[in-house]
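All the letters of the sequence shown, read from the start, carry residue numbers 74 to 291 under the working numbering. Below you'll find the structure, written out as structure tokens, and then a few comments.
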Amino acid sequence: MKPIISPSLLSANFNELAKEIEMINQSEADWFHLDIMDGIFVPNISFGFPIISHVKKLAKKPLDVHLMIVEPDKYISEFKKVGADILVVHYEACTHLHRTVQSIKLEGMQAGVSLNPHTSVDLLEDILPDLDLVLLMSVNPGFGGQEFIENTYSKIEKLRAMSNKKNPNLIIEIDGGVDASNTKRLIDKGANALVAGSFVFKSENPTKMISDLKNVNF
Ligand code: DX5
Ligand code: ZN
Numbered sequence: 074m075k076p077i078i079s080p081s082l083l084s085a086n087f088n089e090l091a092k093e094i095e096m097i098n099q100s101e102a103d104w105f106h107l108d109i110m111d112g113i114f115v116p117n118i119s120f121g122f123p124i125i126s127h128v129k130k131l132a133k134k135p136l137d138v139h140l141m142i143v144e145p146d147k148y149i150s151e152f153k154k155v156g157a158d159i160l161v162v163h164y165e166a167c168t169h170l171h172r173t174v175q176s177i178k179l180e181g182m183q184a185g186v187s188l189n190p191h192t193s194v195d196l197l198e199d200i201l202p203d204l205d206l207v208l209l210m211s212v213n214p215g216f217g218g219q220e221f222i223e224n225t226y227s228k229i230e231k232l233r234a235m236s237n238k239k240n241p242n243l244i245i246e247i248d249g250g251v252d253a254s255n256t257k258r259l260i261d262k263g264a265n266a267l268v269a270g271s272f273v274f275k276s277e278n279p280t281k282m283i284s285d286l287k288n289v290n291f
């Protein structure tokens, strides 16, 4: 199976946002990845509800919304209203993760949990059957364009072994420093969704970069 490709708009040209969205619509990408940062959970602030609504109007593919915010429970229904299809919260930001995941599902969205590079996949054992997706951060969250952390490979392997027992349909998404050089190994270890920001948008030919990620194993 080819991986799901989710280009991160964080690295897009916001002066030409409509054009960038149309490029993704026309490409082999599967989702739009939207990074929401609050300046508290991560040392950066990105964008919020008005931009998501705007993207939703133009996007012809699902919105994969990655919340790097504290207290995500406060805003779950608002993210649904503005068009999120997949809502991903951070393990490190949720005291009552089970409740948060159930609230996301009750709103009719797919539920994902993200782990920072230092957080062990073992901690997901009891919540795994309830999840649609796990997003493994392969950089420290907050910024695009950082270097891929090699330890991610063994986390993927371990998580895929857990999911084979507890949730075979789990999507394992990798976010941070993904490019054509590591894609094959990520997929071989068990990842099936890839986020890419700078690799796609800093290129002369973003459509081709998306295609390269999509087809690297085939
Ligand atoms: C980082 C974000 C990523 C970011 C990835 O905190 O979660 O989605 O946009 O950017 P690249 O692909 O440039 O590492
Ligand atoms: Zn992200």
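Each residue gets a CB set at the ideal place from its N, CA and C atoms; glycine is no exception. All values derive from a computational prediction rather than experimental measurement.
Query: DSSP three-state assignment for isoleucine 109, whether helix, strand or coil; Result: strand
Query: Burial state of proline 123 (16 or more Cβ within 10 Å); Result: exposed
Query: Cβ-based burial, leucine 196 [other Cβ within 10 Å; buried from 16]; Result: exposed
Query: Best match in Asn117, Phe105, Glu246 for proximity to glycine 263 [C-alpha to C-alpha]; Result: Glu246
Query: Residue from Ser100, Glu144, Lys130, Ser227 with nearest C-alpha to valine 174; Result: Glu144
Query: Element boundaries [alpha helix (DSSP H), containing histidine 171]; Result: 170-179
Query: beta-carbon aspartate 103 near the ligand ZN non-hydrogen atom, thresh 7 Å; Result: no
Query: Nearest candidate by alpha-carbon position, reference glycine 156, set Ser211, Asp248, Asn237, Leu107; Result: Leu107
Query: Histidine 191: CB within 7 Å of a non-hydrogen atom of the ligand ZN; Result: no
Query: Histidine 163 versus Leu83, Asn288, Met141, residue with shortest Cα-Cα distance; Result: Met141
Query: Opening and closing residue of the alpha helix (DSSP H) in which methionine 282 lies; Result: 279-288
Query: Residue closest to glutamate 180, alpha-carbon to alpha-carbon, out of Ile159, Asn189, Leu170, His139; Result: Ile159
Query: Beta-carbon spacing of glycine 185, leucine 170 below 8 Å; Result: no
Query: Sufficient close CB pairs (3 or more, under 8 Å) joining the segment 248-266 to the segment 220-228; Result: yes
Query: Identity of the residue in Gly270, Leu286, Lys178, Ala102 nearest isoleucine 149 by Cα; Result: Lys178
Query: Sufficient close CB pairs (3 or more, under 8 Å) joining the segment 232-244 to the segment 267-274; Result: no
Query: Whole-Å CB distance - valine 128 paired with phenylalanine 105, under 8 Å assumed; Result: 6 Å
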